[in-house]
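No gaps in the numbering here: position 33 of the sequence shown is 32 in numbering that gives the first Met the number 0, and each next residue is one more.
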Amino acid sequence: MSTLALLVVLLLVLVLPLYIGVLGYVVLRHPRFAQPLTVCGTWAPTLVAVVALVVALR
Numbered sequence: 000m001s002t003l004a005l006l007v008v009l010l011l012v013l014v015l016p017l018y019i020g021v022l023g024y025v026v027l028r029h030p031r032f033a034q035p036l037t038v039c040g041t042w043a044p045t046l047v048a049v050v051a052l053v054v055a056l057r
């Protein structure tokens with residue numbers, strides 16, 4: 000595995016828990032966002048963009 004790929008994986012490991020925490024905080028502070036489709040609708044495009052970035056950098 001190349002150094003760039005390892006760096007991207009490390010970045011994902013560091014950023015994804017922060018992103019999940021932010022989503023949890025938003026849902027906690029604003030109950031109207033507690034609907035599962037809203038949270039999934041926010042999470043899914045971000046995950047697709049991250050995967051596309053990893054594939055593009057590969």
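Note that CB positions come from ideal geometry on N, CA and C, so glycine has one too. Note that the structure is predicted; figures quoted are calculated from it, not measured.
Pairing V25 with A33 gives a Cβ-Cβ distance that is not under 7 Å. Judged by DSSP secondary structure, R28 falls within the alpha helix (DSSP H) whose first and last residues are 2–28.
Straight through space, the alpha carbons of L56 and A48 are spaced by roughly 12 Å.
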